[in-house]
Structure formats: C-alpha cells, structure tokens
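I have placed the structure first, in the form of structure tokens, so that the comments after it can refer back to it.
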DNA sequence: CATTGTTTTGCATGTTCCTGCATGTTTTTT
DNA sequence: AAAAAACATGCAGGAACATGCAAAACAATG
C-alpha cells in the first residue's frame, strides 16, 4: 500500500467515524504503529486533522455544531446562498438539501415569499418555522447524523410523491468526469431521487470543491443545470463545465 | 476513548445541561473520578469551563438554542423531564411528542443509552443529533408551525408502521371527564394514533394543566398510564385521577 | 544492468503521558 | 462535632510516544 493511499484511508476513516486510534489503524493497514504515528504527525502539521494522544480527531470536532457555525458564518457560503435565493419565485415547490450553504439559503428566504419548501433536514425546518408564508414539508425517515438529514426507504417513498420546480444542493465534490458525488451512500441514494423529480438542479460550492471526487456519485455533470461558485475558481475547469451545458454564476 | 474525545464530551454536556457533576461523568464515561477531576482541573486552567466543588459550570451561561423560551427554562418542566427520563431502558423504542417538556426530556437522555427515539418534532431531532447511541426516526409530513411538529396523512402512515414501548406527551389540558385534549385538530389526530401504537403512555404537566379542558380530545384518562406532575397539584383532583387507574408521580 | 542516493519502514531504546489506586487532607453536609 | 463527599498528592503499571539506526523499497543516473 502506498503512503498517500494510506493517508487517504486515514482521512476517510476520520470522516466516517469522527475519531481514530493509532493502534487500530496499524492493524487495519498492516503497518507498524510507528508508521501510523509518523503519518498522523505529518498530517497534523499539515492541518489535515487534530493530532491527540492515542490517535486523531477531525479538525472541527470541538464544534461540529451547525448552530455554532452559523454564528461565525463562512462569507463565501453566505454569498452562494444569496445568489441562490434570487432564483426563487412565489408559488414554487422547492427542495433544499442539508448542509451549511443550504441552511443559509433557508435563512435568507424572504419572509413574505409564499413557497413550499421540502427538506430532509430538521435544522432547516426549524429555521423556516419563523417564515409564516412558507409551507414546510419535512421528509421523514431514519435520521442520518453525519449528514444531519433523513435517509432510507421511508424518505425515498415520500420524495417520489413530490415534483420540484427547483432543487438546491451544497457541493461536496464536483468533477468533470466523475460528476457530483458525496461521502455517504445513503446521501447519494436520496439525492438521486431528488434529481429525477426536479425540473431544475442548482448546486452551490467553492473552488475547493470543484475538480474533486468522492466515493458515491449522485449524477453526472450534465444532469445539473446551474452551478453557483466563486470568482477564484480555476477558469479551465469552469470552461470545461460550461461546455457540458452547465450554467454558471460566479459571486 | 481518547482523552481529547472525553474532554470534548465534557464540554458538550456542559453546554447542554448547564452544569456537570464529576461523579456522574465518571460513570458515563467509564473512567475513575480521579481522571475526571484531572480533566476538569486542566480544562479549568485552560479557561474552557469554571471548576467548582463537585463538578463544573460553563464560563458564562450560554444558550445557543433555537427556541427563545428555552433561555428562561421553566424549572418545573425540567423536573418533569428528569422524572420521565428515568423510565427509559436500553433497547426500547420511544415516542417523544413536541413541546417544551418533551424537548427537555430529549436533552436529558443519557448519551450512552441505546434507544430508538421517534418524533415528529425536528427540534427534538436536532437536539438528539449529539447522542451517538440514540437512533432517531423522524416522522415526516407537513410541518405544523403552531405545534412545531409534523402532521397529516404522511405522518400517520409512518406512525402506523411503528410500535412503541413507551410514549411521552406534554400536557396542554387534562380533565377527569373530558380526558387529555389539545387546541388543534391536527395534533389530536396524530396523538390518537400514537396512543393506539404504544404499550405505555406517560403525560407530563403542572398543576395548572389539570382539571382543564381544550377543544380536541386525544384520549380519555383511562387510556393513559402515568402522570408526572408537581406536589402543588390539587389533592382532590389527583385522587380522582388515581381512582381511574392512572399512576401518578409527583416531583 | 549496476550503482547511487533518497525515502520509507520496522525495530530497539529510553522517555513521557495517562490512569487507577492508596493515602491523607479539605470541604460540605448532617 | 461527626460523617460523608470531594479533593490533592504520590506512586506504579501500562500505553503511547520520540529518537536513532539499519534494512528495505524505490527512483534516478550512468
């Protein structure tokens, strides 16, 4: 196994489990603990994880709380959401995915706009409970904590009964060849159905998410309609995405 | 469990409960009290919390909560919830209704208790997203803002597929003759189904809610199993409720 | 292909850190 | 004032660690 491959595996595990033990990794990857320790130390210095005695934790483990993060909003994500909310028109039925950018989007919906919002994320439902004119449909099902949203058969059954004028997603990874992808199978499964049921798909994400891949593909690029990203995004990547027919807004 | 992980957990608990006891943490985290004390002392020196005899307090009373009401917690409702949470046993499937008392109940579920919680209230789902061992099933449907919960056919369909070992409700009105009732038809409709599907029904509410009526009956008193109320409740009313077979806990 | 240099890895060494227990002290409660 | 709870301290075993070194793996060069 290659060094880089091993370190990728470590990051993946960390993402999934939220913590990792050096001893456990040594067995899993069939190398000595010393090697793992050296990996963890290097990755710690590179600010890819938080090195602690016995293993490592994700960088932001201290406040994985979306609610906390909303107090220190990422200005980029806020701008994406601001651009996104302009696409909404009265009377529409809109799906909003989970994630920080989508949460901003929900927050920014004008209180006097009469639309129906469908979401599997209870945080977004709570956020919208102050919007008197917004009708909220919550997708039920098993609550999947890593993505803060509902997943599973129940969720999909509910989804299939609804058609959306427009759907919004935050981007975890978007790649010209490998499409729009995320870390968890359960998430991908749901999003695929959403895309089938939607007239228009809007994805929002920064330059760091473009030309990146993840394990579970949701859809190829040509299934998407509009990308909201930032000015700093690589112009070559942007142009190639445009060539597939994807409309692009830079903020 | 990693040291850093443990300290994260302590901070989280502190955020949620507003206070922590060293002895309690030792049991929860399965380490000796000495270890907890050392953690607390270190974190105190690092200015992450205020160390006090017996445990620790947050630096400044923060309440990152969505509902404004929670900022001025009603100590009675907190006590009801404390009594309620003692009824939970590992492996159970539990329904938790919406409302302030129920929200406290959710907050107070031990983080190491492995249960399945079903709720139609997204707030409760968010609250429980920190509880690693708790499986959450969110009842979807149309979000009914006055009651901060989901209602409607979709919700009922999901409900009918689940049986509950125990169900918890906050009381809006409980009357010897007119039973357990609420203000909204939609709410009553859901709660009726819940009661059909539950082995045990627990209702929680103060003296002001007893001997009171509201427009939509959920169930007669004899359909309920346990009432958690306060000492100040009228002894005559209590006795008459007892005569119907209702078990009563006063806190 | 052989050689050279670099990087990575596992092992051995000694060190540091974490934890639980025992001891005695302080604080709180009765 | 006595009892109980919470505490501080020191100690010991074990786990995790850093370090140096040599073998192995790899890449690059002639």
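Protein chains in written order, with my numbering: chain A, 1 to 251; chain B, 1001 to 1251.
Note that beta-carbon positions come from the ideal geometry of N, C-alpha and C, so glycine has one too.
Opposing strand residues paired with residue i [DSSP bridges]
i, result
"residue 1118 of chain B", "B:1095, B:1137"
"residue 1013 of chain B", "None; residue 1013 of chain B has no bridge partner."
"residue 56 of chain A", "A:20, A:51"
"residue 240 of chain A", "Answer is none; residue 240 of chain A lacks a bridge partner."
"residue 249 of chain A", "A:228"
"residue 216 of chain A", "A:182"
Minimum C-alpha distance to residue i - residue among the options
i, options, result
"residue 1099 of chain B", "B:1117, B:1192, B:1122", "B:1122"
"residue 40 of chain A", "A:51, A:31, A:30", "A:51"
"residue 1169 of chain B", "B:1074, B:1104, B:1089", "B:1104"
"residue 1047 of chain B", "B:1037, B:1077, B:1058, B:1221", "B:1058"
"residue 227 of chain A", "A:162, A:156, A:209", "A:209"
"residue 1181 of chain B", "B:1200, B:1029, B:1148, B:1217", "B:1217"
"residue 1144 of chain B", "B:1164, B:1113, B:1183", "B:1183"
"residue 97 of chain A", "A:75, A:54, A:159, A:129", "A:159"
"residue 187 of chain A", "A:30, A:212, A:148, A:225", "A:148"
"residue 1163 of chain B", "B:1231, B:1244, B:1174, B:1193", "B:1193"
"residue 203 of chain A", "A:185, A:175, A:215", "A:175"
"residue 1033 of chain B", "B:1054, B:1049, B:1014, B:1013", "B:1054"
"residue 1108 of chain B", "B:1131, B:1093, B:1092", "B:1131"
"residue 1177 of chain B", "B:1240, B:1106, B:1002, B:1225", "B:1240"
"residue 12 of chain A", "A:214, A:232, A:102", "A:214"
"residue 1126 of chain B", "A:150, A:199, A:42", "A:150"
"residue 1232 of chain B", "B:1245, B:1220, B:1207, B:1212", "B:1207"
"residue 1076 of chain B", "B:1230, B:1246, B:1196", "B:1230"
"residue 15 of chain A", "A:197, A:49, A:101", "A:49"
"residue 1244 of chain B", "B:1179, B:1199, B:1185", "B:1179"
"residue 78 of chain A", "A:24, A:92, A:106", "A:106"
"residue 1031 of chain B", "B:1242, B:1003, B:1146", "B:1003"
"residue 1093 of chain B", "B:1161, B:1242, B:1212, B:1246", "B:1161"
"residue 101 of chain A", "A:113, A:74, A:212", "A:74"
"residue 1225 of chain B", "B:1212, B:1242, B:1211", "B:1242"
"residue 1113 of chain B", "B:1028, B:1153, B:1211", "B:1028"
"residue 185 of chain A", "A:42, A:117, A:20, A:146", "A:146"
Rounded distance between the beta-carbons of residue j and residue i, thought under 8 angstroms
i, j, result
"residue 1056 of chain B", "residue 1044 of chain B", "7 angstroms"
"residue 95 of chain A", "residue 111 of chain A", "So it is not a contact: roughly 20 angstroms between Cβ atoms."
"residue 141 of chain A", "residue 1018 of chain B", "Wrong, their Cβ atoms sit about 32 angstroms apart, outside the cutoff."
"residue 1205 of chain B", "residue 1248 of chain B", "Between residue 1248 of chain B and residue 1205 of chain B the Cβ distance is about 12 angstroms, and since that is not below 8 angstroms, they are no contact."
"residue 201 of chain A", "residue 223 of chain A", "7 angstroms"
"residue 1115 of chain B", "residue 1090 of chain B", "7 angstroms"
"residue 219 of chain A", "residue 195 of chain A", "5 angstroms"
"residue 198 of chain A", "residue 156 of chain A", "The Cβ separation is near 14 angstroms, so there is no contact."
"residue 22 of chain A", "residue 37 of chain A", "6 angstroms"
Residue i beta carbon near the ligand ATP (any heavy atom closer than 6 angstroms)
i, result
"residue 1144 of chain B", "Ligands in the displayed structure: none, and consequently the ligand ATP is not present."
Next on the checklist: Assess contact between the stretch 73 to 88 of chain A and the stretch 135 to 143 of chain A, defined as three or more Cβ pairs (one per stretch) separated by less than 8 angstroms. Is contact present?
Outcome noted: no
Checklist entry - For the stretch 1130 to 1211 of chain B, which segments carrying the alpha helix (DSSP H) assignment without a break, of at least 4 residues, lie completely within its bounds, in sequence order? => result 1153 to 1160, 1185 to 1196
Checklist entry - Does the stretch 227 to 243 of chain A touch the stretch 1002 to 1022 of chain B, meaning 3 or more C-beta pairs lie closer than 8 angstroms? => result no
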